[in-house]
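Residue numbers (this note's numbering): 2 to 322. Even glycine gets a Cβ: it sits at the ideal position worked out from N, Cα and C. Owing to the predicted nature of the structure, the values given are computational and were not obtained by experimental measurement. Note sheet for the following structure.
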């Protein structure tokens, strides 16, 4: 007698979790959303609301009658930008030179320092070095400029030492020909340590097994740095480089205006100080707003263009496509 076999029932996979609905996610994340509200409000009030003031660039703004009652002038205020005003061109030239120096010398330095710190074996010594490097970032530009003046000024420590030993004098602070290099040196001293934080965080996320595999294959420390560490932080480097391009025409208003009197406008005037001096100092509000608006548009265009190039090379960039 034939035995009837029971049909084989395929094992059913557990049901996939369904994505939470919008209302359910709002209820679930309500505490996080409440915590984000003050930051969002500050962003709207201090960063987005002032954007409305750019309408001054298209008006003959008169402070005593207000923005709404000032007459429209179309693109007349942009003539100072596109007709080659010598003062504007001088400020643009100084801005581009300082920005180029910062891109070449300031941007790569935190990467190099982070690589050196990451290679230190002693964690205690590493923390001490990090703390010393971070400290200048918390000083205001007023203090930083004062320190440089006391060190390198005409009556500073360096000149005191040189004159004591009959070696002449060297006034770096009041030298217009050295002003751009001085500005870059101040930025390096103040922000290099702080800039290493993101790169050290990116290095900490690299899988240690990659270093062990490289060591087993006979890779030296330099080879591990080249083939493991640098590819591991490549996305962060590209992200920060793109964001840096957005600020390529902003080279530090407070830092420069504090030292402008010592070297004069010819060597120190940049776009930020040009806008301030023309608007507040000379009352040319419309043309100053036009210059500031052009600067912002160029920054946005550079960020979007660099992000597009990053996508073409298969990188994520600032945001995904």
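N- and C-terminal bounds of the alpha helix (DSSP H) containing residue i
{"i": "residue 275", "result": "272-277"}
{"i": "residue 145", "result": "142-153"}
{"i": "residue 121", "result": "Counting along the chain, residue 121 falls outside any alpha helix (DSSP H), and DSSP gives it neither H nor E."}
{"i": "residue 320", "result": "Per DSSP, residue 320 belongs to no alpha helix (DSSP H) and is neither H nor E."}
{"i": "residue 177", "result": "Run containing residue 177: none; DSSP gives neither H nor E here."}
{"i": "residue 39", "result": "31-44"}
{"i": "residue 312", "result": "286-313"}
{"i": "residue 98", "result": "87-102"}
{"i": "residue 269", "result": "266-269"}
{"i": "residue 164", "result": "158-165"}
{"i": "residue 242", "result": "235-247"}
Distance, residue j Cα to residue i Cα
{"i": "residue 318", "j": "residue 156", "result": "48 Å"}
{"i": "residue 143", "j": "residue 256", "result": "8 Å"}
{"i": "residue 83", "j": "residue 27", "result": "49 Å"}
{"i": "residue 229", "j": "residue 38", "result": "40 Å"}
{"i": "residue 222", "j": "residue 241", "result": "26 Å"}
{"i": "residue 31", "j": "residue 100", "result": "43 Å"}
{"i": "residue 286", "j": "residue 181", "result": "27 Å"}
{"i": "residue 97", "j": "residue 218", "result": "46 Å"}
{"i": "residue 40", "j": "residue 123", "result": "38 Å"}
{"i": "residue 309", "j": "residue 316", "result": "9 Å"}
{"i": "residue 3", "j": "residue 210", "result": "In this predicted model, residue 3 has a pLDDT of only 45, less than 50, meaning its place in the structure is not dependable enough to derive any value."}
9 Å Cβ cutoff met for residue i and residue j
{"i": "residue 115", "j": "residue 200", "result": "yes"}
{"i": "residue 236", "j": "residue 225", "result": "no"}
{"i": "residue 260", "j": "residue 183", "result": "yes"}
{"i": "residue 203", "j": "residue 233", "result": "yes"}
{"i": "residue 197", "j": "residue 131", "result": "yes"}
{"i": "residue 291", "j": "residue 78", "result": "yes"}
{"i": "residue 106", "j": "residue 207", "result": "no"}
{"i": "residue 266", "j": "residue 91", "result": "yes"}
{"i": "residue 111", "j": "residue 194", "result": "yes"}
{"i": "residue 277", "j": "residue 299", "result": "no"}
{"i": "residue 246", "j": "residue 304", "result": "yes"}
{"i": "residue 57", "j": "residue 68", "result": "yes"}
{"i": "residue 177", "j": "residue 271", "result": "no"}
{"i": "residue 1", "j": "residue 297", "result": "Residue 1 cannot be examined here, being either before or after the span of the chain that is shown, 2 to 322."}
Where residue i falls, given that 16 or more other Cβ within 10 Å makes a residue buried
{"i": "residue 49", "result": "exposed"}
{"i": "residue 126", "result": "exposed"}
{"i": "residue 280", "result": "buried"}
{"i": "residue 11", "result": "In this prediction, residue 11 has a pLDDT of 48, which is less than 50 and means its spatial position is unreliable; what the coordinates show is noted afterwards. Residue 11 should be labelled exposed."}
{"i": "residue 187", "result": "buried"}
{"i": "residue 146", "result": "buried"}
{"i": "residue 313", "result": "exposed"}
{"i": "residue 5", "result": "Because the pLDDT at residue 5 is just 46, under 50, the model does not fix this residue reliably, and the value given afterwards should be weighed accordingly. Flag for residue 5 reads exposed."}
{"i": "residue 129", "result": "exposed"}
Bridge partners - residue i, DSSP secondary structure assignment
{"i": "residue 60", "result": "73"}
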